[in-house]
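Enquirer:
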Amino acid sequence: MAYPPHMTTQRIGETDLTSSRLSYGCMRIAGTWNPAEVDDEKRAAAHLALETAFEHSYTLFDHADIYARGASESLHGELLGAEPSKRDKIVIATKCGIKPPGQYGENSPHTYDFSASHILWSCDRSLERLQTDYIDIYQLHRPDYLMNPEEVAEAFTRLKEQGKVRHFGVSNFLPDKVSLLQKYVPLCVNQVEISLSHRDPLEDGTLNQCMQESITPLSWSPLAGGALGEGAEGELIALTDQIAEAHGVTRTDIALAWLLKHPSGIIPIIGTTKPERIIQSTKAAKIELSREDWYRLFTAAVGEPMP
Ligand SMILES: NC(=O)c1ccc[n+]([C@@H]2O[C@H](COP(=O)([O-])OP(=O)(O)OC[C@H]3O[C@@H](n4cnc5c(N)ncnc54)[C@H](OP(=O)(O)O)[C@@H]3O)[C@@H](O)[C@H]2O)c1
1 MAYPPHMTTQ
11 RIGETDLTSS
21 RLSYGCMRIA
31 GTWNPAEVDD
41 EKRAAAHLAL
51 ETAFEHSYTL
61 FDHADIYARG
71 ASESLHGELL
81 GAEPSKRDKI
91 VIATKCGIKP
101 PGQYGENSPH
111 TYDFSASHIL
121 WSCDRSLERL
131 QTDYIDIYQL
141 HRPDYLMNPE
151 EVAEAFTRLK
161 EQGKVRHFGV
171 SNFLPDKVSL
181 LQKYVPLCVN
191 QVEISLSHRD
201 PLEDGTLNQC
211 MQESITPLSW
221 SPLAGGALGE
231 GAEGELIALT
241 DQIAEAHGVT
251 RTDIALAWLL
261 KHPSGIIPII
271 GTTKPERIIQ
281 STKAAKIELS
291 REDWYRLFTA
301 AVGEPMP
């Protein structure tokens, strides 16, 4: 496939970041946010989802320390620990920086923490849970208002020197914050919410900055958390179905193809836990959506004609 011209980082570590043009999101694999609820059935379902994604050419797996309070990383780690030879065939992204309420002591508040000590500590915990020696892409989850870029860079440099992290990225960062941090440390991804239902990055400079700075945009909730899936209705959905029928694919494949059409090289993070939907989604990467259909979908999503 042709890579968008700005994409100089086609490989992350030993692995091609964009071979499948999609990534697999691990936020929902535990089937719960409460690690105590992960029973054998949920464990088997998580393993099946991860194996299915691996077998169907997803190379980039997106985690965060807070997903199921660490259980998502641990579930993946169980597979990697059992078959270490699979480790260098995938790109593992994970995140730190969010401290959920009550997790760091009784009554501890919900905070964001980009202090060097928290970043270094969190990275070690993620490595343990994932049963790996290195993380390919370590992302800061949501901007910490108290971020000191020099301190972040210090922590990142240390992690890189120690071989614990290969590349760094951010998530939910607006362009000004990316620019600030980029002065101190190179960033390879910005993971943002973008879909037909959430189009801010088209307008707020995020995607333009990605092209300018050779940063790969990752799209979280590419199906708006399922709101563009089965059961949905309305003008946008009807149009998506019509275009899907013409291409012989599903509605959600078209919603993903709409993202893939953008020249910034958006990589949608597939969030379904159902094997058949993980497999079906790979069809999106082969769809050539016309400019006309892209704009028809955009107009239907906005709900107003183009100016
Ligand atoms: N950086 C951040 O702040 C952030 C925030 C949120 C998410 N993320 C990342 O982005 C990934 C994807 O996010 P997401 O899970 O919200 O993605 P999504 O694809 O927008 O939503 C997934 C949800 O949609 C449902 N779904 C999928 N296909 C469907 C269909 N055809 N009909 C009806 N429902 C359907 C899934 O249910 P089934 O499982 O039943 O198919 C699942 O509940 C996450 O795993 C995580 O890695 C990052």
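Be aware that the sequence shown starts at 1, since it is given in the numbering used here, and climbs by one per residue. Ideal Cβ placement from N, Cα and C applies to all residues, glycine included.
Compare the Cα-Cα distances from residue 83 to each of 186, 40, 238, 132 and report the closest residue.
Expert: Reading the sequence shown from its first residue, position 83 is the one you call residue 83. Residue 83 has its Cα closest to that of 132, out of 186, 40, 238, 132.
Enquirer: Assuming contact is defined by CB atoms lying nearer than 8 Å, are residue 175 and residue 192 in contact in what I supplied?
Expert: Position 175 of the sequence shown, counting from 1, holds the residue named residue 175. Position 192 of the sequence shown, counting from 1, holds the residue named residue 192. Cβ atoms of residue 175 and residue 192: not closer than 8 Å.
Enquirer: Here's a check: name, in chain order, each residue in its chain whose Cβ is nearer than 7 Å to the Cβ of residue 98, leaving out the five neighbours to either side.
Expert: Mapped onto the sequence shown, residue 98 falls at position 98. Excluding sequence neighbours, residue 98 sits near 66, 112, 141, 142.
Enquirer: When you measure from the CB of residue 201 to every non-hydrogen atom of ligand 1, does any distance come out below 7 Å?
Expert: Within the sequence shown, residue 201 is the residue found at index 201, counting from 1. Checking the Cβ of residue 201 against ligand 1 gives no.
Enquirer: Around the Cβ of residue 306, are there at least 16 other Cβ atoms within 10 angstroms (buried) or fewer (exposed)?
Expert: As a first step, residue 306 must be located in the sequence shown, where it is residue number 306. It is exposed - the Cβ of residue 306 has fewer than 16 other Cβ atoms within 10 Å.
Enquirer: Can you tell me which of 154, 42, 94 puts its alpha carbon nearest to the alpha carbon of residue 117?
Expert: The residue labelled residue 117 in the question sits at position 117 within the sequence shown. Checking every option, the nearest Cα to that of residue 117 belongs to 154.
Enquirer: Thinking C-alpha only, which one of 288, 169, 180 is nearest residue 147?
Expert: The count along the sequence shown starts at 1 and reaches residue 147 at position 147. When each option's Cα is compared against that of residue 147, the closest is 180.
Enquirer: Which value, in whole angstroms, describes the spacing of the CA atoms of residue 262 and residue 35?
Expert: The residue you call residue 262 lines up with position 262 of the sequence shown. The residue you call residue 35 lines up with position 35 of the sequence shown. Their backbone Cα atoms lie some 37 Å apart in a straight line.
Enquirer: Going by other Cβ atoms of all chains shown within 10 Å of its Cβ, with 16 needed for buried, is residue 109 buried or exposed?
Expert: Residue 109 sits at position 109 when you count from the first residue of the sequence shown. It counts as exposed.
Enquirer: Evaluate residue 139 with the Cβ neighbour count: other Cβ atoms within 10 Å of its Cβ, from every protein chain shown; 16 or more gives buried, anything less gives exposed.
Expert: The sequence position of residue 139 within the sequence shown is 139, counting from 1. Classification of residue 139: buried, given that the 10 Å Cβ count is 16 or more.
Enquirer: For a minimum of 4 consecutive residues, which ranges assigned as the alpha helix (DSSP H) are wholly contained in the region 29 to 96?
Expert: Taking only runs of at least 4 residues, the alpha helix (DSSP H) segments lying wholly in the region 29 to 96 are 40 to 55, 71 to 82.
Enquirer: Quick check on residue 278: does DSSP put it in helix, strand or coil?
Expert: Here the question's residue 278 lines up with position 278 in the sequence shown. Note: residue 278 maps to helix in three-state DSSP.
Enquirer: Is there contact here, the region 217 to 233 with the region 251 to 261, by at least three beta-carbon pairs under 8 Å?
Expert: These segments touch.
Enquirer: Quick check on the burial criterion: 16 or more other C-beta atoms within 10 angstroms. Buried or exposed for residue 95?
Expert: Stepping through the sequence shown from its first residue, residue 95 is reached at position 95. So residue 95 counts as buried.
Enquirer: Would you say the beta carbon of residue 230 comes nearer than 7 Å to a heavy atom of ligand 1?
Expert: Within the sequence shown, residue 230 is the residue found at index 230, counting from 1. Indeed, a heavy atom of ligand 1 lies less than 7 Å from the Cβ.
Enquirer: Across which residues does DSSP place residue 139 in a beta bridge pair?
Expert: Taking the sequence shown and counting its residues from 1, the one referred to as residue 139 is at position 139. Per DSSP, 95, 169.
Enquirer: Helix, strand or coil, according to DSSP, for residue 184 in the structure here?
Expert: Translated into positions along the sequence shown, residue 184 becomes position 184. Three-state DSSP puts residue 184 in coil, outside helix and strand.
Enquirer: Would the C-beta of residue 191 count as close to ligand 1, meaning under 7 Å from any of its heavy atoms?
Expert: What you label residue 191 is simply residue 191 of the sequence shown in a count that begins at 1. Result yes, Cβ under 7 Å from ligand 1.
Enquirer: Can you say whether residue 44 is buried or exposed, counting buried as having 16 or more other CB atoms within 10 angstroms of its CB?
Expert: In the sequence shown, residue 44 corresponds to position 44, counting from 1. Label assigned to residue 44: exposed.
Enquirer: Residues in its own chain within less than 6 Å of residue 220 by CB, not counting five upstream and five downstream?
Expert: Locating residue 220 in the sequence shown gives position 220, where the first residue counts as 1. Here the set comprises 191, 193, 269.
Enquirer: DSSP state of residue 317, grouped into three classes?
Expert: No statement about residue 317 is possible, as the shown extent of the chain runs from 1 to 307 and does not include it.
Enquirer: If you reduce the DSSP assignment to three classes, tell me which class residue 197 lands in.
Expert: Position 197 of the sequence shown holds residue 197. Here residue 197 sits in coil by DSSP.
Enquirer: Around the C-beta of residue 121, are 16 or more other C-beta atoms found within 10 angstroms, so that it is buried, or is it exposed?
Expert: Taking the first residue of the sequence shown as 1, we reach residue 121 at position 121. Residue 121 comes out exposed.
Enquirer: For residue 129, which residues from the same chain have a beta carbon less than 6 Å from its beta carbon, with the 5 sequence-adjacent residues on both sides left out?
Expert: Taking the first residue of the sequence shown as position 1, residue 129 is located at position 129. Once the five neighbours on either side are set aside, the close Cβ partners of residue 129 are 70, 73, 74, 77.
Enquirer: Ligand 1 heavy atoms versus the CB of residue 223: any closer than 7 Å?
Expert: The residue labelled residue 223 in the question sits at position 223 within the sequence shown. At least one heavy atom of ligand 1 is nearer than 7 Å to the Cβ of residue 223, so yes.
Enquirer: In the DSSP assignment, the alpha helix (DSSP H) including residue 159 goes from what residue to what residue?
Expert: Along the sequence shown, read from residue 1 onward, the residue named residue 159 stands at position 159. 149 to 161 is the span of the alpha helix (DSSP H), which, as asked, contains residue 159.
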